[in-house]
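These notes are about the structure you will find just below.
Residue numbers (UniProt numbering): 1 to 382.
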């Protein structure tokens, strides 16, 4: 006789529903999300998944939605109302953009102590001080996006909210920080690769990962972690004078941060990165599926792909092994480093952008120009 199915609590039901979209969510926090998010929140996220929104965008939306719900509960004692009234948006700005000097004089300036402690206890706050303006703007933008997806109009574009943000940013000036303090240029990459000198599986994987990420135009860590063998096609060898032909591979990127899945963006690998990638795939016996995989304690290669955070962790670990300061480098340094190195070698910006697949000339040139300004002619007019 079959046992009657146990009825699920609301939290357990949301946890099961989150499992259905686990591929694009930070599912290691599934149980926390199930407690924070409402039924309507989960339904909105499932709708966005079905709409084909990019994985990284969905992760950012989910992370910000969880933060907003946690902040709303801590600040008001209730889940977020949809749509949010203008007063709540202004409260959010006031809690996150404030003047540390004024806070020292008045404890009620900025985020209240009890709200701060609540969010810190849950792991949503780590550093002290006001938020970066870019973070506040991003969370408000995602809040606005989620509001529209629920079929509501919000007050996000109201003059009072815009004015509050503008005045708060002026009161707490911050210089914009790079995602990686230093670029991973050719000389830095050589030091990292020198730590991958053996034929162990970890060395082979990390050598291939670093070389592919850099040489393919400074790919994002999500693109490297998600790379599959089905995206690789062998190209005719490249003829070079006074040497043997160089092996060549094409990487079909598919959907990226700045493209849709309908576009077939292609970047190319030539020479040493191809050899490194082939050596890893042969040693790991990878014929299909994920290219860069976790390696178990006893040297077994997992069938699962490494996650994007692991790309960053591996780079920092190799930095330590190379005698570098790990806090100075991150995976994004490979992206900025590629364009910086291209500038150092005199490669024209449009040609470098063809490989990096930057859509914004302004963004790409910010890396490129920083490498050339100090030694360029514009700095030597006298």
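Cβ atoms here follow ideal geometry from the backbone N, Cα and C, with glycine treated the same way.
Notebook entry, point to check: Based on Cα-Cα distance, which residue from 168, 156, 270, 342 lies nearest to residue 99?
Noted result: Along the chain shown, one-based indexing puts residue 99 at 99. The shortest CA-to-CA distance from residue 99 to any of 168, 156, 270, 342 is the one to 168.
Next item on the list: With DSSP collapsed to three states, give me the class of residue 220.
Entry: On the chain shown, position 220 is the one that residue 220 refers to. In the structure shown, residue 220 falls within a coil segment according to DSSP collapsed to helix, strand and coil.
Item checked: Cα-Cα separation, residue 249 to residue 107 -> Position 249 of the chain shown, counting from 1, holds the residue named residue 249. Position 107 of the chain shown, counting from 1, holds the residue named residue 107. Looking at the two C-alpha atoms, the distance is approximately 60 Å.
Notebook entry, point to check: Quick check: the stretch 197 to 212 against the stretch 269 to 281, are there 3 or more CB pairs under 8 Å?
Noted result: Result yes; three or more Cβ-Cβ pairs closer than 8 Å.
Margin query: So, with DSSP's three-state summary, where would you put residue 184?
Written below: Walking along the chain shown from the start, residue 184 turns up at place 184. Note: residue 184 maps to coil in three-state DSSP.
Next item on the list: Reducing DSSP to helix, strand and coil, say where residue 291 ends up.
Entry: Within the chain shown, numbered from 1, the residue matching residue 291 stands at position 291. It is coil, neither helix nor strand.
Next item on the list: Tell me residue 238's beta-bridge partners as DSSP assigns them.
Entry: Mapped onto the chain shown, residue 238 falls at position 238. According to DSSP, residue 238 bridges with 246.
Next item on the list: Evaluate residue 238 with the Cβ neighbour count: other Cβ atoms within 10 Å of its Cβ, from every protein chain shown; 16 or more gives buried, anything less gives exposed.
Entry: Counting from one through the chain shown, the residue named residue 238 turns up at place 238. Exposed, by the Cβ-count rule.
Checklist line | Own chain residues within Cβ distance below 7 Å of residue 260, not counting five before or after | finding: Indexing the chain shown from 1 puts residue 260 at position 260. Any answer about residue 260 is weak, because its pLDDT of 48 lies below 50 and its placement is not dependable; what the coordinates show is given next. Excluding five sequence positions before and after residue 260, none of the CB atoms of its chain fall closer than 7 Å to its own CB.
Check: Tell me which same chain residues have a C-beta within less than 6 Å of the C-beta of residue 84, skipping the five on either side of it?
Finding: The residue you call residue 84 lines up with position 84 of the chain shown. Cβ within range, chain order: n/a, list empty.
Check: Alpha carbon to alpha carbon, how far is residue 161 from residue 89?
Finding: Position 161 of the chain shown, counted from the first residue, corresponds to residue 161. Position 89 of the chain shown, counted from the first residue, corresponds to residue 89. For the pair residue 161 and residue 89, the Cα-to-Cα distance works out to about 7 Å.
Item checked: Given residue 232 as reference, the closest of 104, 43, 292 once Cα atoms are compared -> Here the question's residue 232 lines up with position 232 in the chain shown. Residue 292 is the option with its Cα nearest to residue 232.
Note to self: So residue 319 and residue 326 are supposed to be a Cβ contact under 8 Å. How far apart are they, rounded?
What the structure shows: Translated into the one-based positions of the chain shown, residue 319 becomes position 319. Translated into the one-based positions of the chain shown, residue 326 becomes position 326. Between residue 319 and residue 326 the beta-carbon gap is near 5 Å, inside 8 Å, which marks them as a contact.
Notebook entry, point to check: Where do the ends of the alpha helix (DSSP H) carrying residue 147 lie?
Noted result: For this step, residue 147 is matched to residue 147 along the chain shown. Residues 133 to 149.
Next item on the list: Measure the CB-CB distance between residue 302 and residue 228 and report whether it falls below 7 Å.
Entry: Locating residue 302 in the chain shown gives position 302, counting from the first residue. Locating residue 228 in the chain shown gives position 228, counting from the first residue. The answer is no: Cβ separation not under 7 Å.
Note to self: Checking the sheet assignment: what are the DSSP bridge partners for residue 270?
What the structure shows: Taking the first residue of the chain shown as position 1, residue 270 is located at position 270. Here residue 270 is bridged, per DSSP, to 248.
Next item on the list: Under 6 Å Cβ to Cβ from residue 110, same chain only, skipping five residues before and after it: list those, please.
Entry: Translated into positions along the chain shown, residue 110 becomes position 110. Excluding residues within five positions, the ones whose Cβ falls inside 6 Å are 98, 103.
Notebook entry, point to check: Which same chain residues, not among the five before or five after residue 195, have their C-beta less than 6 Å away from its C-beta?
Noted result: Here the question's residue 195 lines up with position 195 in the chain shown. Close CB contacts of residue 195 within its chain, under the 6 Å cut and outside five residues either way in sequence, are with 318, 321, 322 (chain order).
Checklist line | Helix, strand or coil at residue 9 according to DSSP, with G and I counted as helix | finding: Reading the chain shown from its first residue, position 9 is the one you call residue 9. It is coil, neither helix nor strand.
Notebook entry, point to check: Looking at residue 152 and residue 71, is the spacing between their C-beta atoms short of 7 Å?
Noted result: Residue numbering aside, residue 71 sits at position 71 when the chain shown is read from its first letter. Residue numbering aside, residue 152 sits at position 152 when the chain shown is read from its first letter. Result no, Cβ atoms of residue 71 and residue 152 do not sit closer than 7 Å.
Notebook entry, point to check: Taking the alpha-carbon positions, what's the residue 348 to residue 154 distance?
Noted result: Numbered from its first residue, the chain shown carries residue 348 at position 348. Numbered from its first residue, the chain shown carries residue 154 at position 154. Using only the alpha carbons, I get a separation of about 44 Å.
Next item on the list: Please confirm whether residue 283 and residue 189 have their CB atoms less than 7 Å apart.
Entry: As a working note, residue 283 is residue 283 in the chain shown. As a working note, residue 189 is residue 189 in the chain shown. Result no, Cβ atoms of residue 283 and residue 189 do not sit closer than 7 Å.
Item checked: Three-state secondary structure (DSSP) of residue 104 -> On the chain shown, position 104 is the one that residue 104 refers to. Residue state, collapsed to three classes: helix.
Notebook entry, point to check: Is the beta carbon of residue 306 sitting closer than 7 Å to the one on residue 225?
Noted result: If you number the chain shown from 1, residue 306 lands on position 306. If you number the chain shown from 1, residue 225 lands on position 225. Taking 7 Å as the cut-off, the Cβ atoms of residue 306 and residue 225 count as close.
Notebook entry, point to check: Looking only at C-alpha atoms, which of 131, 192, 119 sits nearest to residue 73?
Noted result: By 1-based counting over the chain shown, the position of residue 73 is 73. Comparing C-alpha distances from residue 73 to each of 131, 192, 119 shows the shortest one belongs to 119.
Notebook entry, point to check: Should residue 314 and residue 187 be called a contact, given that it needs their Cβ atoms to be closer than 7 Å?
Noted result: Position 314 of the chain shown, counting from 1, holds the residue named residue 314. Position 187 of the chain shown, counting from 1, holds the residue named residue 187. Against a cut-off of 7 Å, the Cβ pair of residue 187 and residue 314 comes out as no contact.
Next item on the list: Could you tell me the distance, in whole angstroms, from the CA atom of residue 41 to the CA atom of residue 159?
Entry: Numbered from its first residue, the chain shown carries residue 41 at position 41. Numbered from its first residue, the chain shown carries residue 159 at position 159. In a straight line, the C-alpha of residue 41 is about 28 Å away from that of residue 159.
Next item on the list: May I have a chain-ordered list of the alpha helix (DSSP H) segments no shorter than 4 residues that lie completely inside the stretch 289 to 360?
Entry: If we require 4 residues or more, the alpha helix (DSSP H) runs fully inside the stretch 289 to 360 come out as 308 to 321, 332 to 344, 349 to 356.
Next item on the list: From the DSSP output, in three-state form, read off residue 78 for me.
Entry: The residue given as residue 78 occupies position 78 in the chain shown. Residue 78 falls in the coil class under three-state DSSP.
Check: Where do the N-terminal and C-terminal ends of the alpha helix (DSSP H) with residue 126 fall, by residue?
Finding: Position 126 of the chain shown, counting from 1, holds the residue named residue 126. Taken as a continuous stretch (DSSP letters only), residue 126 belongs to no alpha helix (DSSP H), as it is neither H nor E.
Next item on the list: Spell out whether any CB of chain C is found under 7 Å from the CB atom of residue 101.
Entry: In summary, chain C is missing from the structure at hand, where a single protein chain is found.
Notebook entry, point to check: Which stretch, first to last residue, makes up the alpha helix (DSSP H) that contains residue 203?
Noted result: As a working mapping, residue 203 is identified with position 203 in the chain shown. From DSSP, the alpha helix (DSSP H) with residue 203 extends over 201 to 215.
Next item on the list: In the DSSP assignment, find the alpha helix (DSSP H) that holds residue 96 and state where it starts and stops.
Entry: Here residue 96 is taken as the residue at index 96 of the chain shown, counted from 1. Residue 96 -> alpha helix (DSSP H) spans 86 to 96.
Margin query: Based on DSSP bridge pairs, tell me the residues matched to residue 228.
Written below: Numbered from its first residue, the chain shown carries residue 228 at position 228. 290.
Check: Given that a residue counts as buried once 16 or more other Cβ atoms are within 10 Å of its Cβ, and exposed if not, what is residue 337?
Finding: Counting from 1 along the chain shown, the entry for residue 337 is found at position 337. It counts as buried.
Check: Can you give the Cα-Cα distance for residue 63 and residue 144, rounded to whole angstroms?
Finding: As a position in the chain shown, residue 63 is number 63, starting the count at 1. As a position in the chain shown, residue 144 is number 144, starting the count at 1. Here the alpha carbon of residue 63 sits roughly 14 Å from the alpha carbon of residue 144.
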